[in-house]
Amino acid sequence: SKLQFKSLKLKKSLFALYYEDTCKITKDNLITFMKSNSNYEVKNTLSHTKAKTLVLVGSKERPIMKKSATKIVHLIPNSELEVLQGYYHGDISINHADDYVERVKRLVR
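Be aware that the sequence shown starts at 1, since it is given in UniProt numbering, and climbs by one per residue.
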């Protein structure tokens with residue numbers, strides 16, 4: 001758990017909660033989760049989306065995540081891509097939750 005936690009770049013203060021949650025994940029669920037993540041493909045039906053959409057991606061994310069973000073923005077009409085400088089995957093929603101909430105509020109106004 002410590003190595004996985006470190007790789008996620010989470011705030012150290014979140015480790016106890018992270019550890020508690022990961023201990024609850026069954027082996028079967030973990031296998032399913034890993035298979036789903038590795039087999040995920042963006043669906044072309046996203047082009048039917050009519051909702052205002054903001055796609056956030058961290059500048060320090062893996063290239064495949066940046067590529068997916070770009071593909072999503074090209075598929076969804078009038079969507080917007082924001083590259084968060086210095087951020088990793090999930091960084092804004094977990095480590096900078098207040099900033100994340102403000103962005104969501106601005107989006108839905």
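Beta carbons: idealized from backbone N, C-alpha and C, even for Gly.
What first and last residue would you give for the alpha helix (DSSP H) that runs through residue i?
| i | result |
| --- | --- |
| Glu-102 | 97–108 |
| Val-42 | Element bounds for Val-42: n/a, residue is neither H nor E. |
| Leu-75 | 63–75 |
| Leu-46 | Leu-46 -> no alpha helix (DSSP H), and no H or E assigned at all. |
| Leu-8 | It is not in any alpha helix (DSSP H) - Leu-8 carries neither H nor E in the DSSP assignment. |
From this set, the options, which residue's C-alpha is nearest residue i's C-alpha?
| i | options | result |
| --- | --- | --- |
| Lys-9 | His-96, His-74, Arg-109 | His-96 |
| Ile-64 | Asn-39, Leu-3, Thr-45 | Asn-39 |
| His-48 | Lys-60, Ile-31, Asp-91, Leu-75 | Leu-75 |
| Asp-91 | Val-73, Val-57, Leu-30, Asn-78 | Val-57 |
| Glu-41 | Ser-68, Ser-79, Glu-80, Asn-29 | Ser-68 |
Could you give the distance in angstroms between the alpha-carbon of residue i and the alpha-carbon of residue j?
| i | j | result |
| --- | --- | --- |
| Tyr-18 | Phe-5 | 7 angstroms |
| Lys-43 | Glu-102 | 28 angstroms |
| Ala-51 | Leu-84 | 22 angstroms |
| Tyr-87 | Ser-1 | 22 angstroms |
| residue 110 | Leu-54 | Since the first residue of the chain shown is 1 and the last is 109, residue 110 is not available in this structure. |
Buried or exposed, going by whether 16 or more other CB atoms sit within 10 Å of the CB of residue i?
| i | result |
| --- | --- |
| Asp-99 | exposed |
| Val-73 | buried |
| Glu-61 | buried |
Starting from residue i, follow the beta strand (DSSP E) in both directions and report where the run begins and ends.
| i | result |
| --- | --- |
| Glu-82 | 80–84 |
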